[in-house]
Amino acid sequence: MQKIITLLLALIFTLPLLSQDIRNIDVASSDEKLIITYDLFGKKDRLYQVDILFKKEDGSEIRPKSLNGDIGKNVESGKGKSIVWEVYKDLDGLKGNIEPVMKATEIEQKTKEKKMLNKTLSSNSVNEQIPRFGRKRDIRKHRFGWKIAMGKSYAHVDQSEFAYNRKSGFEAGLFYRLNATRKFYIQPELTFKRQSFEVVEPAGAEELRKLTNHNSYTNANLMFGINPIGHLTFNVGPYVGYMVNATQKEEVGGAKNTINVLSDSPEMNGEKYPYDRLDFGYNIGGSIDFKEGGFALGVLYSQGLNNVNNQDYFLDDANNSDLNLSNRSIKFYLTFGF
């Protein structure tokens, strides 16, 4: 008889521990989120604190922070509860099987204060109902690809009696992209760049002399990308270029003449070229980026920091001896990565 009474007392004190129960846990995925649904069985006049963690195959645990939905304090009992985990705000990548482990803790409201009771039931007790979820999509760390850009280029001058006009320019080449994290990448590039501009100057009474310059460079760019939100990415980085070709088309009246500046210009003042063949500066812009560099569409502004006009070459030319000329351009570009 005493044993029966003891057993009844044990059942009476155990019932509150079973008053909340998490069942029917399911996990689904979208592109960058996990959606966990569950049913919470408990007292209708009580609120619960719901907590979740994930166990990996190696036994380690993931404790997510970027959660919203029916999670944390003040969750009511009922069916069809859901939690959304924004995975890549907490992790750079996730693959392999993970198992959600949930618990619900009853909160008793007493004298207008919420008192936490030690009445916790882990969903491990119904582990056979918990699905295992395998997420195979991980961050793509490395990409190779190509880039093409079209736009307007021009020469920025600090002083000149002549007009310097914009002309079409382009840039094309190859890149390697290292996705250091889902939000940050490093991208070295090797490109061919056409930098063009037009100079208009008087050539006599009512006549103008137009000089259209097409300067070609082999460029090495180092781009850094930051992805603050969604697919929007900001890009910035230095470049250095070396002039491999330069042509100049002269138009006076109806007459036209084209020369190769690097090979046809005479040596003057001990200098072979009217240009400094080295160009360096920076690129800055933004893009809409998909699949960690798989495809991007953006705009880029380039500004040279050095004077590409060889002032020593023009020592005897009053118009050019003190001229500071730097390359500028603004281009729209496409990149494709593999």
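The sequence shown runs 365 to 702 under my numbering.
A virtual CB, placed ideally from N, CA and C, is assigned to each residue, including glycine.
Would you mind reading off the limits of the alpha helix (DSSP H) that contains Ser393?
-> Annotation: Ser393 is outside any alpha helix (DSSP H); the continuous beta strand (DSSP E) that includes it extends over 385-393.
Output yes or no for whether 9 Å exceeds the beta carbon distance between Lys516 and Ala536.
-> Judged by their CB atoms, Lys516 and Ala536 are not nearer to each other than the 9 Å cut-off.
Residue span of the beta strand (DSSP E) that contains Val608, given as start and end = Counting along the chain, the unbroken beta strand (DSSP E) around Val608 starts and ends at 596-616.
What first and last residue would you give for the alpha helix (DSSP H) that runs through Val625?
-> In this chain, the alpha helix (DSSP H) harbouring Val625 covers 625-628.
Cα-Cα separation, Met466 to Arg504 | Using only the alpha carbons, I get a separation of about 31 Å.
Give the secondary structure of Gly515 by DSSP, where H, G and I count as helix, E and B as strand, and everything else as coil.
-> Gly515 falls in the strand class under three-state DSSP.
Around the C-beta of Val608, are 16 or more other C-beta atoms found within 10 angstroms, so that it is buried, or is it exposed?
-> Val608 comes out exposed.
Given that a residue counts as buried once 16 or more other Cβ atoms are within 10 Å of its Cβ, and exposed if not, what is Gln551?
-> By the neighbour-count rule (16 or more Cβ atoms within 10 Å), Gln551 is buried.
What is the rounded straight-line gap between the Cα of Gly650 and the Cα of Val600?
-> Their backbone Cα atoms lie some 8 Å apart in a straight line.
Tyr665, enclosing beta strand (DSSP E) - first and last residue = For Tyr665, the enclosing beta strand (DSSP E) has its first and last residue at 659-668.
Pairing CB atoms from the segment 441-460 with CB atoms from the segment 403-423, are three or more of them under 8 Å?
-> Short answer: they touch.
For the candidate residues Asp522, Ser393, Leu596, whose alpha-carbon lies nearest to that of Asn671?
-> Of the candidates Asp522, Ser393, Leu596, the one whose C-alpha sits nearest the C-alpha of Asn671 is Asp522.
Please go through the same chain and pick out, in chain order, the residues whose beta-carbon is closer than 6 Å to the beta-carbon of Leu538, but skip the five residues on each side of it.
-> Spatial neighbours of Leu538 in its own chain (CB-CB distance under 6 Å, excluding positions within 5 residues in sequence) are listed in chain order as Trp510, Leu554.
Please report the residue range of the beta strand (DSSP E) in which Lys419 lies.
-> Under the DSSP assignment, Lys419 falls in the beta strand (DSSP E) whose first and last residues are 411-420.
Gly668: which of Leu642, Arg427, Leu687 sits nearest, CA to CA?
-> The shortest Cα separation from Gly668 among Leu642, Arg427, Leu687 belongs to Leu642.
Can you say whether Tyr606 is buried or exposed, counting buried as having 16 or more other CB atoms within 10 angstroms of its CB?
-> Under this definition Tyr606 is an exposed residue.
According to the Cβ coordinates, are Asn684 and Asn673 closer than 9 Å?
-> Against a cut-off of 9 Å, the Cβ pair of Asn673 and Asn684 comes out as a contact.
Pull up the distance between the alpha-carbon of Asn579 and that of Asp628, whole angstroms please.
-> Cα-Cα distance, rounded: 14 Å.
Name the DSSP bridge partner or partners of Ile648?
-> In DSSP, Ile648 forms a bridge with Val600, Tyr665.
Shortest alpha-carbon distance to Ile648 belongs to which of Ala682, Ile623, Asp640, Met587?
-> Comparing Cα-Cα distances from Ile648 to each of Ala682, Ile623, Asp640, Met587, the minimum goes to Met587.
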